[in-house]
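Visitor: Got a structure for you, written out below as structure tokens; questions coming shortly.
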Amino acid sequence: MGTKLLRFKQSDRTYWGVFSEQIRIVEHEAETLHDLLSNGREAIERAKHTGTIIYTDEITILSPVTDDANIFCQGTNYSVHREEAGFTKQKPPYNLLFTKASSTLTSAAADIICPTHVQLLDYEIELGLIIKTDITEPIQITENNLVHYIAGIVIANDISARDVQILEQQWFKGKSYRGFCPVGPYIYLLDEDEFPYLNQLELHLQINGETRQRVLTDQLLFKPTETLTEMSEIFNLKTGDLILTGTPGGVCLRLNSEIINHIYDNTISHQDKIDHFIETQQNNGYLKSGDIMLLEIKSTDGSIDLGVQENKIIQAAAVK
Numbered sequence: 014m015g016t017k018l019l020r021f022k023q024s025d026r027t028y029w030g031v032f033s034e035q036i037r038i039v040e041h042e043a044e045t046l047h048d049l050l051s052n053g054r055e056a057i058e059r060a061k062h063t064g065t066i067i068y069t070d071e072i073t074i075l076s077p078v079t080d081d082a083n084i085f086c087q088g089t090n091y092s093v094h095r096e097e098a099g100f101t102k103q104k105p106p107y108n109l110l111f112t113k114a115s116s117t118l119t120s121a122a123a124d125i126i127c128p129t130h131v132q133l134l135d136y137e138i139e140l141g142l143i144i145k146t147d148i149t150e151p152i153q154i155t156e157n158n159l160v161h162y163i164a165g166i167v168i169a170n171d172i173s174a175r176d177v178q179i180l181e182q183q184w185f186k187g188k189s190y191r192g193f194c195p196v197g198p199y200i201y202l203l204d205e206d207e208f209p210y211l212n213q214l215e216l217h218l219q220i221n222g223e224t225r226q227r228v229l230t231d232q233l234l235f236k237p238t239e240t241l242t243e244m245s246e247i248f249n250l251k252t253g254d255l256i257l258t259g260t261p262g263g264v265c266l267r268l269n270s271e272i273i274n275h276i277y278d279n280t281i282s283h284q285d286k287i288d289h290f291i292e293t294q295q296n297n298g299y300l301k302s303g304d305i306m307l308l309e310i311k312s313t314d315g316s317i318d319l320g321v322q323e324n325k326i327i328q329a330a331a332v333k
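Counting from 14, one number per residue, gives the positions in the sequence shown under this note's numbering.
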């Protein structure tokens, strides 16, 4: 069985811990996930048996991914989501890669602040992969050696301001507001024999108790091995970096050729594009103040459980 790795605060001090039936403190001074995974693996193992027990009502859960990490993302990596975003459902000839700012990282229980100017706030449940070792050169990553490059998995929510992302054609900006990436509650550090489960995980997202997204990871178009191989050919990855593998169908965003053509028509004013886009999207169930997002990822046989995210949407106060 793998290890559930937590990061939490108690009495203004931050700790790492392992969680099974109880939380036990990891005796290591690592301030970052990179440092803990690089130098604290023995401390993690010791904590599972001898770590000091902490009671959950005494702590505040934090994001287990620290803000020194890069967040690399895959877009339109499930067929149904490709269709609702205006693409063909077939696997495309290229992997769509982008990034989010690390200041988006927040905990699995934090309130999510919707900026005052954002009208179309959307959710995206995703399986997150945690990088195990620095990758600084092209590497052919396969099912046989993936265990050397992935430390574990985590629930992530790629929250997106669609009116910014789509109308301004800026994915980074629309997905990088502070708090737009709840992660956790914990990282599940995989045992070597558990890697086949990467294709047997069920993602489930509910809004106010209504199921919006549900899918198995065997439907990923670009698998982790293919994606990591390509990334290694382009840029460096470091221990503790987070890769978001894409969201399934069921998001609020709905695009078709008419909407897309209207957005790209240079004869139309930006304000007219805003008005038209908002009109086409307004009945799609976008997030509003008070909504509760509940996210879960589990293996189909129940042996791996990544916990539960529960975040509430809060409207930002207007700046005076």
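Beta carbons are placed, not taken as given, at the ideal position from N, Cα and C, and that holds for glycine.
It should be emphasised that the depicted structure is a prediction, and the values quoted were computed from it without experimental measurement.
Whose C-beta lies closer than 7 Å to the C-beta of His-62 among residues of the same chain, with five residues either side of it excluded?
Guide: Nothing listed; no residue qualifies.
Visitor: Would you grab the beta carbon distance between Ile-67 and Gln-23 for me? Rounded to a whole angstrom, and I think it's under 8 Å.
Guide: About 7 Å separates the two Cβ atoms, so the contact holds.
Visitor: Is the beta carbon of Ala-114 less than 8 Å from the beta carbon of Ser-189?
Guide: It is a contact, given that the beta carbons lie within the stated cut-off.
Visitor: Taking only runs of the alpha helix (DSSP H) that begin and end inside the stretch 156-186, which ones reach a length of at least 4 residues, in chain order?
Guide: Taking only runs of at least 4 residues, the alpha helix (DSSP H) segments lying wholly in the stretch 156-186 are 175-180.
Visitor: For the stretch 87-95 against the stretch 37-55, do three or more pairs of beta-carbon atoms, one drawn from each stretch, fall closer than 8 Å, so that the two count as touching?
Guide: No contact exists between the stretch 87-95 and the stretch 37-55.
Visitor: Confirm, please, whether the CB-CB distance from Ile-138 to Asn-170 is below 8 Å.
Guide: Yes, they are a contact pair.
Visitor: Pull the bridge partners of Asn-279 from the DSSP assignment, please.
Guide: In the DSSP output, where bridge partners are listed per residue, Asn-279 has none listed.
Visitor: Would you say the stretch 208-228 touches the stretch 192-199, given that touching needs at least three Cβ pairs under 8 Å?
Guide: Too few Cβ pairs lie closer than 8 Å, so no.
Visitor: Tell me the DSSP secondary structure of Met-244 in three-state form.
Guide: The answer is helix: DSSP assigns Met-244 an H, G or I state.
Visitor: Within the continuous beta strand (DSSP E) that includes Asp-318, where are the two ends?
Guide: Unbroken beta strand (DSSP E) run through Asp-318: 318-328.
Visitor: Determine the burial state of Asn-324: buried for a count of at least 16 other Cβ atoms within 10 Å of its Cβ, exposed for fewer.
Guide: Buried.
Visitor: With DSSP as the reference, label Tyr-210 as helix, strand or coil.
Guide: Helix.
Visitor: Between the C-alpha atoms of Leu-229 and Ser-316, what's the straight-line distance to the nearest angstrom?
Guide: When rounded, the distance between both Cα atoms is 15 Å.
Visitor: Within 10 Å of its beta-carbon, does Gly-53 have 16 or more other beta-carbons around it, so buried, or fewer, so exposed?
Guide: Its Cβ being crowded by 16 or more others within 10 Å, Gly-53 is buried.
Visitor: Considering just the uninterrupted stretch of the beta strand (DSSP E) at Arg-26, what are its terminal residues?
Guide: First-last of the beta strand (DSSP E) with Arg-26: 26-32.
Visitor: In whole angstroms, give me the CA-to-CA distance for Val-31 and Phe-21.
Guide: Each residue's Cα considered, the two are about 11 Å apart.
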